[in-house]
Amino acid sequence: MQQLLFYLIMFYMLALSGCGYNTLQSTDEQVKASWSEVINQYQRRADLIPNLVNAVKGFAAQEKEVLLEVTNARAKVSSIQATPELIEDPEAFAKFQSAQAELSSTLARLMVVVENYPQLKSDANFRDLQAQLEGTENRITVARNRYIKSVQEYNVTVRSFPSNLTAMLFGFQVKPNFTVENEKEISVAPKVDFNVPVQAR
């Protein structure tokens with residue numbers, strides 16, 4: 158009886174392996190790991206923003222509109238709980254992506270404003286924040302690219318036969334990815350360069 162049970166278990170394990178269970182499991186773990194890194198890098202950027210806003214405010218307090226836009230965009234991002242489970246909910250993922258894109262856009266507008274304040278650009282504290290932000294934007298790009306590739310590999314496995322049958326049986330579902338509209342933004346990190354002179358109008 159025990160020997161029969163052993164053979165049944167072995168057969169079951171081999172069947173799962175042949176139907177892509179191991180691949181589903183490993184690619185799912187890769188997606189989770191890459192998503193965790195995306196969250197970490199976005200949080201790093203969010204943590205830099207209060208100091209960045211304060212630095213700009215010290216030299217350009219009159220730029221209230223763009224400073225408020227950045228602050229509000231950061232608040233919107235912070236209101237969305239970025240958890241590992243977020244990638245299981247396409248609607249929540251889309252909201253997260255939209256909020257991050259809005260924050261990127263407002264930061265870009267802030268950088269344009271900074272060009273008009275030479276004293277701010279030469280401030281040591283601000284230049285340190287500049288370097289940190291530039292490094293963070295680069296890490297965000299790398300993390301998102303890794304997430305895109307891992308999700309593509311995982312989703313192909315979920316949709317392909319016969320692993321799609323195993324996916325249905327064990328609850329593996331297609332995961333959301335960054336949209337086509339963001340491909341250019343994702344592939345190239347935003348430039349955070351305050352040394353480019355403003356062109357005369």
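Count the sequence shown with this note's numbering and you get residues 158 to 358, in order. We treat Cβ as the ideally placed atom computed from N, Cα and C, and that holds for glycine.
Residue burial is scored here from C-beta neighbours: residue 332 has at least 16 other C-beta atoms within 10 angstroms and is therefore classed as buried. Fewer than three Cβ pairs drawn from the stretch 211-223 and the stretch 246-256 lie within less than 8 Å of each other, which leaves the two stretches out of contact.
Look at residue 300 here: in three-state DSSP terms it is helix. Rounded to the nearest whole angstrom, the CA to CA distance from residue 308 to residue 276 is 45 Å. The beta carbons of residue 222 and residue 303 sit about 36 Å from each other, so the pair does not count as a contact at 8 Å. Boundaries of the alpha helix (DSSP H) around residue 275: 275-279. CA-to-CA, the gap between residue 268 and residue 326 works out to about 50 Å.
Between residue 310 and residue 184 the beta-carbon gap is near 5 Å, inside 8 Å, which marks them as a contact. Between residue 305 and residue 329, the gap from beta carbon to beta carbon reaches 7 Å or more. With a threshold of 16 other beta carbon atoms within 10 Å, residue 240 falls short and is exposed. The alpha carbon of residue 233 has as its nearest neighbour, out of 206, 300, 219, the alpha carbon of 206. Residue 239 sits in coil when the DSSP states are folded into three classes, being neither helix nor strand. According to the DSSP assignment, residue 253 belongs to the alpha helix (DSSP H) that extends over 247-271. Comparing alpha-carbon positions, the option among 265, 301, 270, 313 lying closest to residue 290 turns out to be 265.
Within 10 angstroms of the beta-carbon of residue 219 lie fewer than 16 other beta-carbons, which makes it exposed. In this structure, the alpha-carbon of residue 298 lies about 13 Å from that of residue 201.
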